[in-house]
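*Asks:* Have a look at this one.
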Amino acid sequence: MYKYQEISEKIRKKILMGNYKAGSLLPDQNQLAEDFNTTRITIRKAIQALIIEGLVYTKRGAGTFVRKDYLQNLDDMGSQIDKPLGTTATHPDKDVSSKVLLLDARLPSKVEQEGLMISPTDPVYVIERVRFVDGELFGWEHTIMPTQVAPITMDVLKNSIYRYLTQKCHLTISGSHRIVVAAKATQKDVEAMGVAIGEPVLIIKQVSYLEDGEPFEFSESHFPYQTGKVIADINLNK
21 MYKYQEISEK IRKKILMGNY KAGSLLPDQN QLAEDFNTTR ITIRKAIQAL IIEGLVYTKR
81 GAGTFVRKDY LQNLDDMGSQ IDKPLGTTAT HPDKDVSSKV LLLDARLPSK VEQEGLMISP
141 TDPVYVIERV RFVDGELFGW EHTIMPTQVA PITMDVLKNS IYRYLTQKCH LTISGSHRIV
201 VAAKATQKDV EAMGVAIGEP VLIIKQVSYL EDGEPFEFSE SHFPYQTGKV IADINLNK
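Convert by adding 20 to the 1-based position in the sequence shown; the result is the number in the working numbering.
Put into structure tokens, the structure is as follows:
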């Protein structure tokens, strides 16, 4: 077990035991680093792991807070929306294909730096793909990925990026933090999916993490309302 995982588990237990109350502010990262005799980088990864679990959230300029609904999030943990599977893995018996719209590299924006925990000088790939399932339009993806994660080519993008990272690059994907929203279709949605301006679309914003807690993907996926859906398993008998 990595050091950050040990720390996140200890913080998790403090939350569940009520040492950190729902809605309360956690100690700042410097204090936590001192408490656990480690570095701020390790604390930052531990906090990211707890964000993935839905136990805490961060507010810029204010710190990290225990979610008021963290018990509900624990009950819902493991639902498909929380699993970093990818389109290919979630459609194992279907033909998943891609039309690559863009593969480029540049320096990251400030938002991308914060989401991926990288510096302004760390180059990133900019990837845009339209995804098809059994020949039918499924959605389109805009992905930002640090170039240091793995070399990405057009051939990789025509298939499963996750499969390439796990099977060819031997990386382990451990989790994702996802936000699901509904919005009206923009001109980009019209160009990528052929929907009409103003039609409803489902949007999934996501940061995904490797086993060591390093973010490797900052993405936004759009789905037309005909195919956009979220599946979650809710168990009330706990």
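We put the beta carbon where it would ideally sit given N, CA and C, even for glycine.
Consult DSSP for L46 and reduce its assignment to one of helix, strand or coil.
*Replies:* If DSSP states are grouped into helix, strand and coil, L46 belongs with coil.
*Asks:* Which of helix, strand or coil does DSSP assign to T186?
*Replies:* T186: helix per DSSP, three-state reduction.
*Asks:* Rounded to whole angstroms, what is the Cα-Cα separation between S28 and V146?
*Replies:* For S28 and V146, the distance between alpha carbons rounds to 31 Å.
*Asks:* Tell me, which residues are paired with D124 by DSSP?
*Replies:* BP columns for D124 point to V146.
*Asks:* Short of 6 Å in beta carbon distance, which residues of its chain neighbour T84, apart from the five on each side in sequence? Order them along the chain.
*Replies:* If we look at T84 and ignore the five residues flanking it on each side, its Cβ neighbours are L46, I67, V76 and T78.
*Asks:* Going by CA-CA distance only, name the one from T186, T62 and K119 that's closest to G155.
*Replies:* Among T186, T62 and K119, the Cα nearest to that of G155 belongs to K119.
*Asks:* Out of curiosity, what's the CA-to-CA distance linking L157 and D48?
*Replies:* Distance between the alpha carbons of L157 and D48: 45 Å.
*Asks:* In the DSSP assignment, find the unbroken beta strand (DSSP E) run with A203 in it and report its ends.
*Replies:* I193 to K204 is the span of the beta strand (DSSP E), which, as asked, contains A203.
*Asks:* Per DSSP, which residues does E240 bridge with? Please list them.
*Replies:* In the DSSP output, where bridge partners are listed per residue, E240 has H162 and K225.
*Asks:* Quick test of the definition: if touching needs 3 or more C-beta pairs under 8 Å, does the segment 56-63 touch the segment 217-229?
*Replies:* Not touching, per the Cβ criterion.
*Asks:* Please report the distance separating the alpha-carbon of K258 from that of E26.
*Replies:* Any reading at K258 is ruled out, since the residue's pLDDT is 37, under 50, leaving its predicted position unreliable.
*Asks:* Quick check: the segment 134-152 against the segment 164-183, are at least 3 beta-carbon pairs closer than 8 Å?
*Replies:* Contact holds: three or more Cβ-Cβ distances are below 8 Å.
*Asks:* Would DSSP call E29 helix, strand or coil?
*Replies:* E29: helix per DSSP, three-state reduction.
*Asks:* Tell me which same chain residues have a C-beta within less than 6 Å of the C-beta of T247, skipping the five on either side of it?
*Replies:* The answer, listed in chain order, is F158.
*Asks:* How many Å lie between V200 and F243 at the Cα?
*Replies:* Those two C-alpha atoms are separated by around 11 Å.
*Asks:* Between which two residues does the alpha helix (DSSP H) holding G38 run?
*Replies:* First-last for G38: undefined, no H or E at that position.
*Asks:* Take K178 and list the residues in its own chain whose beta-carbon comes closer than 6 Å to its own, dropping the five residues that flank it on each side.
*Replies:* Cβ within range, chain order: S118.
*Asks:* In the structure shown, what three-state DSSP assignment does L52 receive?
*Replies:* Three-state result, L52: helix.
*Asks:* Pull up the distance between the alpha-carbon of S196 and that of E237, whole angstroms please.
*Replies:* So the alpha carbons of these two residues sit roughly 9 Å apart.
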